[in-house]
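There are 2 protein chains.
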Amino acid sequence: MRILIVEDEKPLREQIQSLMATEKYACDAAADGREGLFLGTEYDYDLAIIDLGLPLLDGSSLIKQLRAKARNYPILILTARGNWQDKVEGLEAGADDYLTKPFHPEELRARIHALLRRASGHASSVLRYGPISIDTSAKRVFRDEAEVELTSFEYNTLTYLAMHAGKNISKSELTEHLYAQDYDRDSNVIEVFVGRLRKKLDPEGTLNLITTQRGLGYRFNLDKQ
Amino acid sequence: MRILIVEDEKPLREQIQSLMATEKYACDAAADGREGLFLGTEYDYDLAIIDLGLPLLDGSSLIKQLRAKARNYPILILTARGNWQDKVEGLEAGADDYLTKPFHPEELRARIHALLRRASGHASSVLRYGPISIDTSAKRVFRDEAEVELTSFEYNTLTYLAMHAGKNISKSELTEHLYAQDYDRDSNVIEVFVGRLRKKLDPEGTLNLITTQRGLGYRFNLDKQ
DNA sequence: CTTCAACAATCAGGATACGCATAGTCAGTG
DNA sequence: CACTGACTATGCGTATCCTGATTGTTGAAG
């Protein structure tokens, strides 16, 4: 999951960033509306958290512009307590939920979970793809009823691919979603981990689990059931 | 265990809160139906206690809306003595049990225990996992018929893990359910307590009681019997 | 058909951050 | 004021992640 934070107050921004870090979400932060618009347009986020009172470009204009550019990820807005007009304006601009400052970190976290869950539309916690099943609440993976032990990063990579089964996912999309902004592009971590996943989940290569689309990315090849 | 209380009468609400505190449950309280709906929707509770006569949004509507949003934790309703219709309506809306006011704290305590136990799929108040058994009503723990003395926090950690046996429970999920509201995130309490549990319950490490899935969480490894 | 460049896979070793043990501090309680 | 239990601080070991070189594969150009 990759999350965008647009918040001008540095302490709050950093607090949110560290909260996202504990959730193992990759996140980018912008300190004003302009920068927010740039990042929000440039990258494909899973969620954005936007303060309404921003320098250079205010929150609801930012949201309007993002929506106008067909950026459809869920947006959570932050408002000062009691600013009814702002809140309503933000929601009308295209935000999905709001939170009034100050808030408890727990509250923010819960909202984010709810938005992400709603966005992905996954009701059950067990995803089945033929012989492979992924229990997202237990964070365990099985092949033919036998558990396959995955590390945290392997697990994240697999679920991202599986949740976009049938689609070509480029390596850069994967790194973008699994890592925070500043990540060394010319590394081959993804290849390494895809290799590990293939070895662990399909050592004989009979499933054709993850195929390589040269120049395009990887594709998870089992249908969801 | 994390519990939600929705009750408009302040004295009663606080009485219940302090009762929950003595039980070492983390709990949040709401004074009206709206707030109750918000909290109940956004957080993952283990149980909710809801008064039927509430301002802004009445109890049974609240329950209906929670259930409609797939919030499946057990709900205990509180009714004034003799309000048959209300009680029935509440149960039909999706409550699991009721209690008529005024009630003895003991009675509330017993009902809560029963509901939590039932929710985790255990009929009796003694949970058995191989050589480990947990008596949830007496809050005592045994290994091979010998009692193991646990402190209250150790006990809570153990029961939460045991009630979700087989699942990887992240440290943040543990803190969410064991502590109320905000809690300092970069602390290693959980690690310390898991360490103590292992030492007390399985000093030789023969049971493989709680395993660590680096980056994913902890897992209680004994099957329920 | 062969060659070549670009891209991908593999492997092993090093760096890092995660989790653990231990000990120490602090707060509450009798 | 001693005692217990909750939490913090520190250093250490190691699983996990990342790197870079090497080997393998692909597809287009000659």
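So the protein sequences, as listed, match chains D and F.
For the first sequence, position 152 matches number 152 in the numbering used here, and the numbering has no gaps at all.
So the number in the numbering used here is just where the residue sits in the second sequence, counting from 1, plus 1000.
No residue lacks a Cβ here, since even glycine has one placed at the ideal position from N, Cα and C.
Just so we're clear, the structure is a prediction, and the values are computed from it rather than from any experiment.
Nearest-angstrom Cα distance between residue i and residue j?
| i | j | result |
| --- | --- | --- |
| F/E1035 | F/L1216 | 32 Å |
| F/E1009 | F/D1028 | 15 Å |
| F/E1092 | F/L1012 | 25 Å |
| F/A1146 | F/V1126 | 14 Å |
| D/L54 | D/S61 | 10 Å |
| F/Q1017 | F/L1047 | 13 Å |
| F/L1019 | D/R111 | 28 Å |
| F/T1206 | D/K171 | 43 Å |
| D/L174 | F/K1167 | 26 Å |
| D/F220 | F/F1220 | 31 Å |
| D/L78 | F/K1139 | 42 Å |
| D/L115 | D/L178 | 18 Å |
| F/R1002 | F/R1071 | 14 Å |
| F/D1202 | F/Q1225 | 19 Å |
| D/I169 | D/V141 | 21 Å |
| F/V1194 | F/S1152 | 13 Å |
| F/K1200 | D/G59 | 53 Å |
| D/R128 | F/L1066 | 28 Å |
| D/D223 | D/I210 | 12 Å |
| D/T157 | D/E176 | 11 Å |
| D/Y73 | D/L150 | 29 Å |
| F/R1196 | F/I1134 | 17 Å |
| F/K1064 | F/A1031 | 18 Å |
| F/H1104 | D/T100 | 38 Å |
| F/G1090 | F/L1052 | 7 Å |
| D/D186 | D/V192 | 13 Å |
| D/Y160 | D/N188 | 18 Å |
| F/Q1085 | F/L1037 | 22 Å |
| D/E23 | F/P1102 | 43 Å |
Counting only beta-carbon atoms, is residue i nearer than 8 Å to chain F?
| i | result |
| --- | --- |
| D/Y155 | yes |
| D/E268 | Examination of residue 268 of chain D is not possible in this model, given that chain D is present from 1 through 225 alone. |
| D/G121 | Any reading at D/G121 must be qualified, since the residue scores a pLDDT of 47, below 50, and its modelled position is unreliable; the value itself is stated next. No, its Cβ sits nowhere closer than 8 Å to a Cβ of chain F. |
Please list, in chain order, the chain D residues whose beta carbon lies closer than 7 Å to that of residue i.
| i | result |
| --- | --- |
| F/L1216 | K139, S152, Y155 |
| F/G1166 | A138 |
Let me see if you follow: with CB-CB separation under 8 Å, is residue i close to chain D or not?
| i | result |
| --- | --- |
| F/K1224 | no |
| F/E1092 | no |
Which of the three DSSP states is assigned to residue i in this structure?
| i | result |
| --- | --- |
| F/A1114 | helix |
| D/E147 | strand |
| D/L161 | helix |
| F/L1004 | strand |
| F/Y1155 | helix |
| D/D86 | helix |
| F/A1068 | helix |
| D/L197 | helix |
| F/T1206 | coil |
| F/R1109 | helix |
| F/E1009 | coil |
| D/Q15 | helix |
| D/R34 | helix |
| F/S1061 | helix |
| F/A1021 | helix |
| F/A1180 | coil |
Give me whichever residues DSSP pairs with residue i in a beta bridge.
| i | result |
| --- | --- |
| D/Y129 | D/I132 |
| F/L1076 | F/I1049, F/D1097 |
| D/R140 | D/D135 |
| D/A26 | D/R2 |
| D/R219 | D/N168, D/T211 |
Taking Cβ-Cβ distances shorter than 9 Å, what residues in chain D pair up with residue i?
| i | result |
| --- | --- |
| F/S1172 | T22, E23, R109 |
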